[in-house]
Amino acid sequence: MDGNSQTPQKERLEALRLLMPEVFDEGYIDWEKLKATLGENVNFANERYVLNWAGKSEAFRVMQQPSRATLVPCREESVDFDNTQNIFIEGENMEVLKVLQKSYFGKVKMIYIDPPYNTGSDSFIYPDKFSESKEEYLRRVGDKNEEGYMTRDGMFRKNAKENGQYHSNWLNMMMPRLYLAKSLLREDGVIFISIDDNEVHNLRLLMNEIFGEENFVAQFIWEKRLNRENRNEVSVRHDYILCYSKYTESDVRRIMQLPMNKKALSNYGNPDNDPRGLWKSDPAHAQACHGTKFQFYTLIAPNGKQHELPSGRCWLYTKEVMDEAIRDNRIWFGKDGNGVPRIKTYLSAKERGLTPETMLFAKDVSTNEKAKNDLKGLFDGVAVFETPKPIELISILMQFALKDGIVLDFFAGSAATAHAAMQFNRDGNNCQFICVQMDELCEESSEAYKAGYKTIAEISKERIRRAGAKIRKGIEIEQAKREGQLSFEEDQTMAMPDLGFKVFKLSDSNFKQWRDIQGSNKGEWQQQILNFLDPVTENATIDNMVYELLLKSGKDLNSTIEHKKDYYAINGKDLILMLEVATQEVIDSILAEHPNKVIALDRLFEGNDQLKTNTVLQMRDAGIEFKTI
Numbered sequence: 133m134d135g136n137s138q139t140p141q142k143e144r145l146e147a148l149r150l151l152m153p154e155v156f157d158e159g160y161i162d163w164e165k166l167k168a169t170l171g172e173n174v175n176f177a178n179e180r181y182v183l184n185w186a187g188k189s190e191a192f193r194v195m196q197q198p199s200r201a202t203l204v205p206c207r208e209e210s211v212d213f214d215n216t217q218n219i220f221i222e223g224e225n226m227e228v229l230k231v232l233q234k235s236y237f238g239k240v241k242m243i244y245i246d247p248p249y250n251t252g253s254d255s256f257i258y259p260d261k262f263s264e265s266k267e268e269y270l271r272r273v274g275d276k277n278e279e280g281y282m283t284r285d286g287m288f289r290k291n292a293k294e295n296g297q298y299h300s301n302w303l304n305m306m307m308p309r310l311y312l313a314k315s316l317l318r319e320d321g322v323i324f325i326s327i328d329d330n331e332v333h334n335l336r337l338l339m340n341e342i343f344g345e346e347n348f349v350a351q352f353i354w355e356k357r358l359n360r361e362n363r364n365e366v367s368v369r370h371d372y373i374l375c376y377s378k379y380t381e382s383d384v385r386r387i388m389q390l391p392m393n394k395k396a397l398s399n400y401g402n403p404d405n406d407p408r409g410l411w412k413s414d415p416a417h418a419q420a421c422h423g424t425k426f427q428f429y430t431l432i433a434p435n436g437k438q439h440e441l442p443s444g445r446c447w448l449y450t451k452e453v454m455d456e457a458i459r460d461n462r463i464w465f466g467k468d469g470n471g472v473p474r475i476k477t478y479l480s481a482k483e484r485g486l487t488p489e490t491m492l493f494a495k496d497v498s499t500n501e502k503a504k505n506d507l508k509g510l511f512d513g514v515a516v517f518e519t520p521k522p523i524e525l526i527s528i529l530m531q532f533a534l535k536d537g538i539v540l541d542f543f544a545g546s547a548a549t550a551h552a553a554m555q556f557n558r559d560g561n562n563c564q565f566i567c568v569q570m571d572e573l574c575e576e577s578s579e580a581y582k583a584g585y586k587t588i589a590e591i592s593k594e595r596i597r598r599a600g601a602k603i604r605k606g607i608e609i610e611q612a613k614r615e616g617q618l619s620f621e622e623d624q625t626m627a628m629p630d631l632g633f634k635v636f637k638l639s640d641s642n643f644k645q646w647r648d649i650q651g652s653n654k655g656e657w658q659q660q661i662l663n664f665l666d667p668v669t670e671n672a673t674i675d676n677m678v679y680e681l682l683l684k685s686g687k688d689l690n691s692t693i694e695h696k697k698d699y700y701a702i703n704g705k706d707l708i709l710m711l712e713v714a715t716q717e718v719i720d721s722i723l724a725e726h727p728n729k730v731i732a733l734d735r736l737f738e739g740n741d742q743l744k745t746n747t748v749l750q751m752r753d754a755g756i757e758f759k760t761i
């Protein structure tokens, strides 16, 4: 374990190694073998359709550099830390995404983000110097005031339209985060991104590059407001939501159908008492351009009436299939048998639901104004956040994408995604959220700051607490009503969804990192060697080390952690951490568990080389991977 996060580069190399092991030689790509494997006519010409911008190569470089940061638990700010599966992470989202790579690679079912729209007044983190080093970047995003909060000075840049690299700056911010996010998605995962006219064109091209044009699912149009805005040249009433899947598979539905609503169900009936149940009738013909020669014929009804095709149409079925459907009473000719032939579509069909449409109307998914008012109501009338997204909008996207699994939002803002996820589970689903929000300071002139919320992250966490409490109260009231109406013999219990969340904060590693020393300063070298006699930092705690080692071993933040005598067991026998004491008795207890892997602090052996050597040999003989730090 080197303490580094997994990178997209490693992911792609491993994928290529699995696909074409023959092009690797001693762990490296043999480019001549690769070209030969792909064929002689490989086109390496520079003239191709590609999105390019100032700073793109540097953004790739920043993305590929691993993170040595970690996440530390903050139990006092959490709700039901030991039992909840929901996670809130406070920290700069690109670093957080890097930290999550090992533990959540290929595990996220859905991503929803509402990034800066690049309106010309947005402020967000981006390198204003494309030669900015990793150290300079980390120093800038780590700037904190005396109270420990991230400052806007030196970290955020106002990306004005007058800037010559206006679009480039936004793309440099978005590109590495989207690459990192893609690697977290499951193979059947999808991503939704809210955007407006300012960058929808560039985002579409960027997503085509990262996810592949073939994985484009839809560009939804959301009616975000109902009233006309007369101040502008044109009143804009909509935003967009781009949807892409990770992979395209013909036999996998990327977007699920919606449940049948009352209006849709009203179309079903059973006027002929068909034993197969309720049905509705659909046209029996289609556009002629889609047909073969076998779909053009005169259809004869059971009463002998002949039906000719309308101009420019063909029958949906060939004559043989149509005749069989008629004999099986799956073609409707009206109550008197003389009507235009129509196909019966049964409500009991294997997949019966409503196909999502690209138009998301306000009446179905709410508006920006209502979302703001709903949030004000949750915060006792205080407008703590200017541009929250409606939970109804995010909920409908969840209906499109998942019934269970992880939903990730790394531009959490007011935590509308977390709120929507809890409400979604209230309706019988089972998803878990991971929300990421930087601890940026609120403007001192804002209503949120005046109400005591110093950072956006504080607003996010408080919203989750209040939303969870509101949902819980609603369930309890409904349960009480149900208990008053039902008999004692009937089941009166209602399932309470997971309304808690674990809080983690992005932090420096608990372990000292080797620094690159320029030159041959013996004093610096000697001091660094002395520092590493004990690689654990002064401020490290056992709890923080547990989670760091857990993450960097590829275990997720909801892993089971059992504190046994003198050691920690992660996910049963999957991983054991020795962080407190090392004795032969402890070693024997661990050997009896026969775990897959053991990590121990080297300092626990206190110079007892014999015990350490024996431990290494005993672990090896037992087939247990053993490492010391």
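The sequence shown begins at 133 in my numbering and counts up one residue at a time.
Just so it is clear, CB atoms sit at the ideal spot from N, CA and C, and this is done for glycine as well.
These numbers come from a predicted model, not from an experiment.
{"Item": "Can you tell me which of the three DSSP states F517 falls into?", "Value": "coil"}
{"Item": "Where DSSP assigns a beta bridge to C446, which residues make up the other side?", "Value": "A418"}
{"Item": "Give me, in chain order, the residues of the same chain whose beta-carbon lies closer than 8 Å to that of N435; leave out the 5 immediate sequence neighbours on both sides.", "Value": "F465, G469, N470"}
{"Item": "Report the three-state DSSP secondary structure of L479 (helix, strand or coil).", "Value": "coil"}
{"Item": "Is DSSP giving R474 helix, strand or coil here?", "Value": "strand"}
{"Item": "In or out: G223 buried (at least 16 other Cβ within 10 Å) or exposed?", "Value": "buried"}
{"Item": "Taking contact to mean at least 3 C-beta pairs separated by less than 8 Å, is the stretch 598-610 in contact with the stretch 635-647?", "Value": "no"}
{"Item": "Would you mind working out which of D371, N334, E143 sits nearest I353, comparing C-alpha positions?", "Value": "D371"}
{"Item": "Per DSSP, which residues does W354 bridge with? Please list them.", "Value": "D371, L492"}
{"Item": "By Cβ distance, which residues of its chain are closer than 8 Å to M626, with the 5 residues on each side in sequence left out?", "Value": "I607, E610, Q611, R614"}
{"Item": "Rounded to a whole number of angstroms, what is the C-alpha to C-alpha distance between Y429 and W447?", "Value": "8 Å"}
{"Item": "With a CB to CB cut of under 7 Å and the five nearest residues on each side skipped, what residues in its chain are close to Y400?", "Value": "L410, W411, K412, L479"}
{"Item": "Whole angstroms is fine: what's the gap from D328's alpha carbon to L338's?", "Value": "15 Å"}
{"Item": "Starting from A701, trace the alpha helix (DSSP H) in both directions and tell me its first and last residue.", "Value": "No alpha helix (DSSP H) contains A701, which is instead part of the beta strand (DSSP E) from 699-702."}
{"Item": "At which residues does the alpha helix (DSSP H) containing H333 begin and terminate?", "Value": "332-343"}
{"Item": "Short of 8 Å in beta carbon distance, which residues of its chain neighbour K395, apart from the five on each side in sequence? Order them along the chain.", "Value": "none"}
{"Item": "For D460, is the beta carbon positioned less than 7 Å from some heavy atom of the ligand PLP?", "Value": "Absent from the structure shown: the ligand PLP. Ligands present: none."}
{"Item": "Could you work out which residue in E146, N330, Y699, F343 is closest to M307 when comparing CA atoms only?", "Value": "F343"}
{"Item": "Starting from V204, trace the beta strand (DSSP E) both ways and give me its first and last residue.", "Value": "202-205"}
{"Item": "I'd like to know if the stretch 574-593 and the stretch 527-543 are in contact, where contact means that at least 3 CB-CB pairs between them fall below 8 Å.", "Value": "no"}
{"Item": "Quick one: Cα of D404 to Cα of N461, how far?", "Value": "10 Å"}
{"Item": "For F737, does the three-state DSSP call read helix, strand or coil?", "Value": "helix"}
{"Item": "Where does M554 sit, in a helix, a strand or coil, going by DSSP?", "Value": "helix"}
{"Item": "Is P259 helix, strand or coil when you go by DSSP?", "Value": "Confidence in P259 is poor, its pLDDT being 48 and thus under 50, which makes the residue's placement too unreliable to answer from."}
{"Item": "What number of angstroms, rounded off, separates the C-alpha of S527 from the C-alpha of E575?", "Value": "30 Å"}
{"Item": "Between the alpha carbons of D414 and K476, how many angstroms are there, rounded?", "Value": "6 Å"}
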